[in-house]
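Remarks on the structure that follows.
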């Protein structure tokens, strides 16, 4: 348990995710590629953790391993003291459904269902009370700024920014303890990107943990912790204050860190 400060608020933090000697190896054409190498990481409740690194450094592989979407070759992963390593496919699916939300570049909504029905379908996996799920979906759709006209549209009828916001609602509908995001603004224009980042920042400031992979400095500024990967190993760990507008020196501190990392 650690004491950290965001602005004037002091709170106690617990570890939500922990890895021990985490390794991931792929074999291609008989040649082994060691993508993650003996990673010991502790991630904390309420943190907005950013994972950065050059292409091929293992960012997305780490994200998928942490979330239980991929199985490590060696090592252990613990979520709130419960070991994920060794769980079978069905057990991991239940773990993800009960504890995790996912935001990707591609929005994997069901094409033959409206936006609202997609939210209901996701929410009813956990909560069988349709009225409660519908109320939560409406609350979240309003939070992300999707108007009621969009709720009845099919995913193919949405703009990129609208689809990404719908994806965030789908990620949050079951009140996950942790949200994983893989380059969620990578395919968006500047205005849509800012809107998505504002939503994720608000979600984090309301208490949910976020782990996000990005190569974008503007996106990384939203985090309060930056992990930098190089060749499958953590070679830098930067602590920042929680994000607020008009923070002097924040951009410079991140730039200096990335320059030191060889960005």
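In the numbering used here, the protein residues as written are 2 to 264. In this text, a Cβ means the ideal position worked out from N, Cα and C, and glycines have one as well. On a predicted model such as this, the values are computed, not experimentally measured, just so you know.
Residue range of the alpha helix (DSSP H) that residue i falls in?
| i | result |
| --- | --- |
| residue 206 | 191 to 206 |
| residue 139 | 131 to 144 |
| residue 121 | 116 to 124 |
| residue 210 | Segment 210 to 214 is the beta strand (DSSP E) holding residue 210; no alpha helix (DSSP H) there. |
| residue 151 | 149 to 152 |
| residue 259 | 251 to 262 |
| residue 85 | It is not in any alpha helix (DSSP H) - residue 85 carries neither H nor E in the DSSP assignment. |
| residue 165 | 161 to 173 |
| residue 218 | 218 to 221 |
In whole angstroms, give me the CA-to-CA distance for residue i and residue j.
| i | j | result |
| --- | --- | --- |
| residue 205 | residue 156 | 26 Å |
| residue 41 | residue 167 | 34 Å |
| residue 140 | residue 33 | 48 Å |
| residue 126 | residue 38 | 35 Å |
| residue 253 | residue 219 | 12 Å |
| residue 145 | residue 14 | 27 Å |
| residue 258 | residue 121 | 43 Å |
| residue 71 | residue 50 | 19 Å |
| residue 137 | residue 43 | 31 Å |
| residue 132 | residue 66 | 34 Å |
| residue 216 | residue 158 | 28 Å |
| residue 35 | residue 149 | 48 Å |
| residue 128 | residue 45 | 27 Å |
What whole-angstrom Cβ distance do residue i and residue j have, given they're in contact under 8 Å?
| i | j | result |
| --- | --- | --- |
| residue 64 | residue 180 | Not confirmed; about 11 Å, so no contact. |
| residue 22 | residue 75 | 7 Å |
| residue 233 | residue 189 | That pair is no contact at about 28 Å. |
| residue 17 | residue 81 | 6 Å |
If I follow the unbroken beta strand (DSSP E) through residue i, where does it start and stop?
| i | result |
| --- | --- |
| residue 29 | 16 to 29 |
| residue 226 | 226 to 231 |
| residue 51 | 49 to 54 |
| residue 79 | 75 to 80 |
| residue 38 | 32 to 45 |
| residue 102 | 101 to 105 |
| residue 237 | 234 to 240 |
| residue 181 | 179 to 183 |
| residue 61 | Unbroken run through residue 61 is the alpha helix (DSSP H), 60 to 67; no beta strand (DSSP E). |
Flag this pair as yes or no: are the beta carbons of residue i and residue j separated by less than 9 Å?
| i | j | result |
| --- | --- | --- |
| residue 208 | residue 175 | no |
| residue 19 | residue 62 | no |
| residue 193 | residue 160 | yes |
| residue 115 | residue 54 | no |
| residue 210 | residue 47 | yes |
| residue 177 | residue 106 | no |
| residue 147 | residue 102 | no |
| residue 262 | residue 231 | yes |
| residue 68 | residue 97 | yes |
| residue 171 | residue 110 | yes |
Using a Cβ-Cβ cut-off of 6 Å (strictly less than) and excluding sequence neighbours within five positions of residue i, which residues of its own chain qualify?
| i | result |
| --- | --- |
| residue 7 | Here residue 7 scores only 46 on pLDDT, less than 50, and its place in the model should not be relied on; the value that follows carries that caveat. Within the same chain, residue 7 has close Cβ partners 243. |
| residue 56 | none |
| residue 79 | 19 |
| residue 12 | With a pLDDT of only 46 at residue 12, under 50, the local geometry of the prediction cannot be trusted, and the value read off the model is given with reservation. Within the same chain, residue 12 has no close Cβ partners at all. |
| residue 202 | 223, 244 |
For residue i, which residues from the same chain have a beta carbon less than 7 Å from its beta carbon, with the 5 sequence-adjacent residues on both sides left out?
| i | result |
| --- | --- |
| residue 251 | 222, 241 |
| residue 108 | 156, 164, 165, 167, 168 |
| residue 130 | none |
Take residue i and list the residues in its own chain whose beta-carbon comes closer than 8 Å to its own, dropping the five residues that flank it on each side.
| i | result |
| --- | --- |
| residue 119 | 110, 111, 156, 167, 171 |
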